[in-house]
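Asker:
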Amino acid sequence: MFYIKDNKRNLTDEKRETFSSGLAVFFATLGSAVGLGNIWKFPTLVGMNGGGAFVLVYFICILLLGIPVMISEFYIGRSTRSNPVGAFNKLKAKPFWKIIGYLGVSGALFIMFFYSAVAGWVYSYIFKAIKGDFLNISSLSIHQAGETVSSIFESTVGASISPIIWQAIALAVVGIILFAGVKNGIEKITKTLMPLLFTLIIIICIRSLTLEGARDGLSFLFKVDFSKITPSVLLSALGLAFFKLSVGMGTMITYGSYFTENNNLINTSFKVAFSDTLVSILVGMAIFPVVFTFGLEPGAGPGLLFNTIPLVFSKIPFGNVLLIAFFLLTAFAATMAMLSLVEVPVVFMAEEWDLDRKKSVIITLLIMFIVGVLTVHPSSIFGHITLFGKNFFDLFDFISSNLILPIGGFLIAIFVGHKTKKADIIKELSNNGELDNSNKINIYITILKYITPLLLIIVFLNSIGII
Ligand code: TRP
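Residue numbers (my numbering): 20 to 486.
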């Protein structure tokens, strides 16, 4: 990954590359963090869980759970320079802790089952926009416009075969990138495309904030109504915090393993978490004014993004060109995030089962496709099948975001907080004493030891009704 540079620590091991600079670290990590989680899942869940209260809980989860776990994953990754399973061998941890690696592999699969489906919707919207399917919206009344976008969404994702083909295309793009070995090239492009996506989101925001529904949209997003906070809202906010930061399943262990020796791990986590959250909030500010202007339902579910974005662009000059650009950049962000997800089972198979890397890629993508097609929309073929009262889309999302990631995060917090020598943590996080950040480290260790695991347990037990 990235430019070759020997690292001081592992001269005995095979040469392991590191990122070339702090900026490369930042953008690569952000490339994994920013994706459909920010652009699609965040507004969907905020809408479904009643707005401001959910956002507040989500912020608290980022601060007290997401960031401490991210720092811990960076710590494990950089101090061992290994993949999530090998890392625990190197730390001479008891075999039990390898479970974090296994949870990570299954988490990546469960996420990809539905993530690839949504990525497929994004791809299909690029082509809808190019074909001009949304061109006539601007001439419709507000009410008709709202109905039109909703019916376009329903017919796109509810069709019997095409969503499956788009899902296959989304997975194939990931496969081609991994096969062509251009992953590094792609990751370098992140530096250009992320800021572009960011700019486009700002443009949408500006337009949205001048719509009639802006006030209602903002008050939905930011006004905290404590009565909306229920155990399941807490669990969703917590799951989203982990999902968006890509933590809880070892992805950041892998990224950390490529970091340079002089990277300030604590600062990097804060910068990544801050930027990731900023993107989400801006997406929220772009979407909810549209919802209230066009009389849509905030709790519309997974279609929310796909319904609102064409509407707001219908109100901007050259909106259709920008609409194409928006879905293209979203597809790019989703692909970057998928690369980091697919990497987890691929590296696992290659290193633990000694499989050829290309074979691992093919097997992984095939599993993702075969099980992933089950997540098609309820009105599409076999979309109506349910298990435990949920369709597969919701079930896989629940298992990964609300079970695997929080459990993984809990184990990581316990491992680093309670099973690791404090001196080792201090040494790594201060870059061998080069950084003068002992206060920050102490605060981090205290939160990680006591607050993070306790909060996780409370939310968990609360959501299954035990307390
Ligand atoms: N964070 C990404 C998003 O918001 C999704 C993602 C990529 C992820 N890698 C991950 C989530 C690892 C959990 C774990 O779209």
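By construction, the Cβ of each residue, glycine as well, lies at the ideal position given by its N, Cα and C atoms.
Since this is a predicted model, take the numbers as computed values, not measurements.
At a cut-off of 7 Å, would you count residue 389 as near the ligand TRP, judging by its Cβ distance to the nearest heavy atom?
Answerer: No, since every heavy atom of the ligand TRP falls outside the 7 Å radius drawn around the Cβ of residue 389.
Asker: Helix, strand or coil: which one does DSSP assign to residue 282?
Answerer: coil
Asker: Does DSSP classify residue 330 as helix, strand or coil?
Answerer: Here DSSP, grouped into helix, strand and coil, assigns residue 330 to helix.
Asker: With the cut-off set at 8 Å, would you say residue 53 and residue 213 are in Cβ contact?
Answerer: yes
Asker: If you measure from the beta carbon of residue 354 to each beta carbon in chain B, is any gap under 8 Å?
Answerer: Within the model displayed, chain B is absent; a lone protein chain is all it includes.
Asker: Can you look up residue 405 in the DSSP assignment and give me helix, strand or coil?
Answerer: strand
Asker: Determine the direct distance from the alpha carbon of residue 230 to that of residue 395, and round the result to whole angstroms.
Answerer: 34 Å
Asker: According to DSSP, simplified to helix, strand and coil, what is residue 26?
Answerer: Low local confidence applies: a pLDDT of 41 at residue 26 is under 50, so the model's placement there is unreliable, and no value is given.
Asker: Under a three-way DSSP split, which group does residue 33 fall into?
Answerer: Note that residue 33 scores a pLDDT of 49, beneath 50, so its modelled location is shaky; the value from the coordinates is reported in the next line. It is coil, neither helix nor strand.
Asker: Where residue 176 and residue 142 are concerned, what is the direct C-alpha to C-alpha distance, given to the nearest angstrom?
Answerer: 12 Å
Asker: Scan the stretch 93-161 and note each continuous alpha helix (DSSP H) run of 4 residues or more that stays entirely inside, going in chain order.
Answerer: 103-109, 118-150
Asker: So who's on the other strand from residue 410, going by DSSP bridges?
Answerer: 405
Asker: Does DSSP put residue 248 in a helix, a strand or coil?
Answerer: coil
Asker: Would you check if the distance between the CB atom of residue 428 and the CB atom of residue 55 is smaller than 8 Å?
Answerer: No.
Asker: Below 8 Å on the Cβ atoms is my contact criterion, and I expect residue 298 with residue 68 to pass it. Report the Cβ-Cβ distance as a whole number of Å.
Answerer: Wrong, their Cβ atoms sit about 19 Å apart, outside the cutoff.
Asker: Hey, is residue 287 close to the ligand TRP, as in C-beta under 7 Å from one of its heavy atoms?
Answerer: no
Asker: Using only the alpha-carbon positions, how far apart do residue 121 and residue 171 sit?
Answerer: 40 Å
Asker: Excluding five sequence neighbours on each side, which residues of the same chain lie with their C-beta closer than 7 Å to the C-beta of residue 221?
Answerer: Around residue 221: 301.
Asker: Whose C-beta lies closer than 8 Å to the C-beta of residue 219 among residues of the same chain, with five residues either side of it excluded?
Answerer: 341, 344, 345, 348
Asker: Any heavy atom of the ligand TRP closer than 7 Å to the CB of residue 263?
Answerer: yes
Asker: Three or more C-beta pairs closer than 8 Å, one from the stretch 461-475 and one from the stretch 78-93: is that the case here?
Answerer: yes
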